[in-house]
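Numbering (the numbering used here), first residue to last: 120 to 378.
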């Protein structure tokens, strides 16, 4: 019995000692945390007071405090050398030389300007086969008014994709922007008739021989000639479609069908 009492007293003493140690450690950690929070609060209060003083100084003098000015100057200033922004010399332009306009600027160097109602629009054409170059001043298209350089370039590219049949048959190969400014815009169309594969397309529809334009859908002429009156070889060629490059070739072909 005595042993049990001693053992129980020993365990109880250990428990009390452990509880006391744990409590002391807890109070020490809690005091450290409170001192840290107090220090952070004091730092935040000091920063707030400094900002308030800076605002009061600025309101009274209209100037920034010396340390703030120096910090901002450090951020703003950057080393500058003549090699940082390379300059680009625009290529010589035939139209600019012909007009004696020294202020003509290459199209890809103008940013932010727009086409105005007062902008002079120069339309140039160049035929690579004959070597003929011409230019004329035209009224600005209403769709062009207000366009920037990039927007006008995209507009001309769209015209190329959806070019009229007449332009396609003349061999239009490019429609580009040469010069762009709010005062003057130069556009150039280049033609190469040698690159036109054919102008007419002869085929059969509902038994009749029909002549189409080069787009193969716009009818050029209903001939009234029946394909059933032709030989087997001619009918087979018409079923595959016949490409004709000149009007003389077309008349010769139709004449052979009707004879």
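Even glycine gets a Cβ: it sits at the ideal position worked out from N, Cα and C.
- Residue 269: member of the alpha helix (DSSP H) spanning 268-280, first to last residue.
- In the structure shown, the three-state DSSP call for residue 306 is strand.
- Setting aside the 5 residues that flank it on each side, residue 291 is surrounded in the same chain by 279, 282, 308, 309, 310, each with a C-beta closer than 8 Å to its C-beta; the list follows chain order.
- For residue 300, the closest of 272, 335, 316, 324 by C-alpha to C-alpha distance is 272.
- Boundaries of the beta strand (DSSP E) harbouring residue 253: 252-257, taken from the DSSP string.
- Relative to residue 239, the option among 233, 256, 231 whose CA is nearest is 256.
- Cβ-Cβ separation between residue 322 and residue 289: approximately 23 Å, too far for a contact (criterion under 8 Å).
- Residue pairing by DSSP places residue 322 opposite 329 in a beta bridge.
- Under a 10 Å Cβ-count criterion, residue 329 is classified as buried, with 16 or more other Cβ atoms of the shown protein chains found around its own Cβ.
- Under the 10 Å beta carbon count, residue 335 is surrounded by fewer than 16 other beta carbons and is classified as exposed.
- Per DSSP, residue 286 has no beta bridge partner at all.
- For the 8 Å CB-CB criterion, residue 331 and residue 341 do not form a contact.
- Using a Cβ distance threshold of 8 Å, residue 344 and residue 367 do not count as a contacting pair.
- When only Cα atoms are considered, residue 260 and residue 274 end up about 11 Å apart.
- DSSP places residue 370 in no beta strand (DSSP E) but in the uninterrupted alpha helix (DSSP H) bounded by 366-377.
- DSSP places residue 358 inside the alpha helix (DSSP H), whose first and last residues are 351-359.
- Between residue 303 and residue 266 the beta-carbon gap is near 14 Å, outside 8 Å, which marks them as no contact.
- Judged by DSSP in its simplified three-state form, residue 348 adopts helix.
- Assignment of residue 296 by DSSP, reduced to helix, strand and coil, places it in the strand class.
- Annotation: residue 284 to residue 263 spans about 22 Å, alpha carbon to alpha carbon.
- A residue is called buried when at least 16 other Cβ atoms come within 10 angstroms of its Cβ; residue 136 does not meet this threshold and is exposed.
- In the structure shown, residue 261 falls within a coil segment according to DSSP collapsed to helix, strand and coil.
- Inclusion of residue 349 and residue 376 in the CB contact set at 8 Å is warranted, their separation being smaller than that value.
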